[in-house]
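Colleague:
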Amino acid sequence: MAHYQSAGFIPPKRHTQHRLDNGRLAYEELMGEEGFSSDSSLLYHRNIPSTIADSRIWDLADQSTEPNHPIIPMHLKLHDLFAVDDTAPGGATPYQGVDVVTGRRLVLGNGDVRISYVVADTPSPYYRNAIGDECLYVERGSARVETTFGLIEAAEGDYVIIPRATNHRWVPDTDGEPLRVYCIEANSHIAPPKRYLSRFGQLLEHSPYCERDLRPAGGPLLAEDVGADAADATDVYIKHRGNGPGGIVGTVHTLPTHPLDVIGWDGCLYPYAFNVRDFEPITGRVHQPPPVHQVFEGDNFVICNFVPRKVDYHPLSIPVPYYHSNVDSDEIMFYVDGDYEARKGSGIGKGSISVHPGGYSHGPQPGAYENSVGIDYFDELAVMIDTFRPLEIGEAGRASDDGLYASSWSRNLPSN
8 MAHYQSAGFI
18 PPKRHTQHRL
28 DNGRLAYEEL
38 MGEEGFSSDS
48 SLLYHRNIPS
58 TIADSRIWDL
68 ADQSTEPNHP
78 IIPMHLKLHD
88 LFAVDDTAPG
98 GATPYQGVDV
108 VTGRRLVLGN
118 GDVRISYVVA
128 DTPSPYYRNA
138 IGDECLYVER
148 GSARVETTFG
158 LIEAAEGDYV
168 IIPRATNHRW
178 VPDTDGEPLR
188 VYCIEANSHI
198 APPKRYLSRF
208 GQLLEHSPYC
218 ERDLRPAGGP
228 LLAEDVGADA
238 ADATDVYIKH
248 RGNGPGGIVG
258 TVHTLPTHPL
268 DVIGWDGCLY
278 PYAFNVRDFE
288 PITGRVHQPP
298 PVHQVFEGDN
308 FVICNFVPRK
318 VDYHPLSIPV
328 PYYHSNVDSD
338 EIMFYVDGDY
348 EARKGSGIGK
358 GSISVHPGGY
368 SHGPQPGAYE
378 NSVGIDYFDE
388 LAVMIDTFRP
398 LEIGEAGRAS
408 DDGLYASSWS
418 RNLPSN
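Numbering (the working numbering), first residue to last: 8 to 423.
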């Protein structure tokens, strides 16, 4: 995202001496994409960022996946993964002591992207993903996201984009409902769609959002909170490439000093938040295809959102989607809010995921096609991921499958 930002105390010239108040040199770190050939930022640390005191293995939660074979559409009920059992003794909730980093449960995944879900009430450890960028959608609740670049206040409806290898942690607010987060982990970088960007990286006039809608990590830098000589050892959990399931393994580095020790930074690579309510939907006289709803993209996948909007205003329009074959992609829809017209009668509701795999022709539930005629507004909120390689089913996908969705079109056929 080539949109220059600067925060804190930086020198007037890059790669030159920059001294702390006590006269010591600050340690400059380049954090960049694609080697030295794409977007980057320069960060100035109080301590040497390469220093570690110890290391150990981080045993990740189950990352194994199974093929969707025989190929079928699926309905995954994510809220069941952390559902409260009113009959359980002691009143404990299934998310008590769970954090956004270590508590994620893998729903779907392939070599390009992994989709997880978590409900959390506890601060996470410090963490960085060394495999790719992360896009985390806050379904409910709110949190402080403390990063090397500063603080992001995340709340319901926010996408939080965390660049690869950014040290950060999630601290849920303890007031109100628990923090529910839909986690999208890439094996690449995540950015706005190229067709919305000028050749210099500015969001263009036809884009459904612009730079004013983005909220970069801001001050005060957390180094000001921990102090110049914070000496407490701190663990940083790292997800990286290896020989584990999906080619993913974990390591914990123990640092002798606090990881958020940056006194200033500048550049075009940094975490930021974007709220789905700031997405301006693109509509037309007849039904518009899914690319008009796109908000981000990574290698071999795109992220779209369907927001409340006026719909097709041709006098003979059919507002719900036409039946379509995903020849090149798997379509994964996470239903967040509202009343999704095309899925009425299927059992899908808030917290559901529909899985429509490539090679399967899908569309509205029986009756929805006809019943949508004359509707001029959709009150719905959903996050969709289209992948261009098949997704496999993770342990949370298997645990939340309702086992009924594939037959929902034949169960609910209208009478002739």
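Where is the CB? At the ideal position from N, CA and C, for every residue including glycine. Being a predicted model, the structure only gives us computed values, none of them experimental.
Measure the alpha-carbon distance for Pro-322 versus Glu-184 and round it to whole angstroms.
Modeller: Those two C-alpha atoms are separated by around 43 Å.
Colleague: Check for me: the beta strand (DSSP E) holding Ala-280 runs from which residue to which?
Modeller: Counting along the chain, the beta strand (DSSP E) containing Ala-280 begins and ends at 279-282.
Colleague: Would you mind listing the beta strand (DSSP E) stretches within the segment 9-34 that are 3+ residues and don't spill past its ends, in chain order?
Modeller: Segments of the beta strand (DSSP E) lying fully in the segment 9-34: 12-15.
Colleague: For the alpha helix (DSSP H) holding Tyr-376, just list the boundary residues, first then last.
Modeller: Unbroken alpha helix (DSSP H) run through Tyr-376: 375-378.
Colleague: Would you mind listing the beta strand (DSSP E) stretches within the segment 124-212 that are 3+ residues and don't spill past its ends, in chain order?
Modeller: With a minimum length of 3 residues, the continuous beta strand (DSSP E) runs that stay inside the segment 124-212 are 133-136, 141-147, 149-154, 157-162, 165-169, 175-179 and 186-193.
Colleague: To test your reading of the DSSP string, which unbroken beta strand (DSSP E) runs of 3 or more residues are found completely within the segment 337-372?
Modeller: Correct list: 337-345 and 359-363.
Colleague: Please classify Ser-379 as buried or exposed, where buried requires at least 16 neighbouring CB atoms within 10 angstroms.
Modeller: So Ser-379 counts as buried.
Colleague: So, for Pro-74: in the same chain, excluding its five sequence neighbours on each side, which residues have a beta-carbon less than 7 Å away from its beta-carbon?
Modeller: Around Pro-74: Glu-399.
Colleague: Within the segment 392-419, note down every full alpha helix (DSSP H) run reaching 4 residues or more, in order along the chain.
Modeller: Whole alpha helix (DSSP H) segments, 4+ residues: 402-407 and 415-418.
Colleague: Name the two residues that bound the continuous beta strand (DSSP E) containing Asn-333.
Modeller: Run containing Asn-333: none; DSSP gives neither H nor E here.
Colleague: Helix, strand or coil, according to DSSP, for Asp-66 in the structure here?
Modeller: Reduced to three states, the DSSP call for Asp-66 is coil.
Colleague: Count the other CB atoms within 10 Å of the CB of Tyr-376; is the residue buried (16 or more) or exposed (fewer)?
Modeller: When all chains shown are included, Tyr-376 counts as buried.
Colleague: With C-beta atoms as the reference, is Val-269 less than 8 Å away from Thr-181?
Modeller: Not a contact, by the Cβ cut-off of 8 Å.
Colleague: Would you identify the three-state DSSP class for Leu-50, choosing helix, strand or coil?
Modeller: If DSSP states are grouped into helix, strand and coil, Leu-50 belongs with the strands.
Colleague: Thinking C-beta only, is Leu-49 closer than 8 Å to Trp-272?
Modeller: In this structure, Leu-49 lies closer than 8 Å to Trp-272 by Cβ.
Colleague: Do the CB positions of Asn-282 and Gly-157 come within less than 8 Å of each other?
Modeller: For Asn-282 and Gly-157, no; Cβs fall outside 8 Å.
Colleague: Are Pro-315 and Glu-387 close, meaning C-beta to C-beta below 8 Å?
Modeller: A contact, by the Cβ cut-off of 8 Å.
Colleague: Whole angstroms is fine: what's the gap from Cys-190's alpha carbon to Ile-339's?
Modeller: Looking at the two C-alpha atoms, the distance is approximately 13 Å.
Colleague: Sort Ala-403, Cys-275 and Gly-30 by Cα distance to Leu-85 and report the nearest one.
Modeller: Of the candidates Ala-403, Cys-275 and Gly-30, the one whose C-alpha sits nearest the C-alpha of Leu-85 is Ala-403.
Colleague: Out of curiosity, what's the CA-to-CA distance linking Phe-16 and Val-334?
Modeller: Straight-line Cα distance between these residues: approximately 51 Å.
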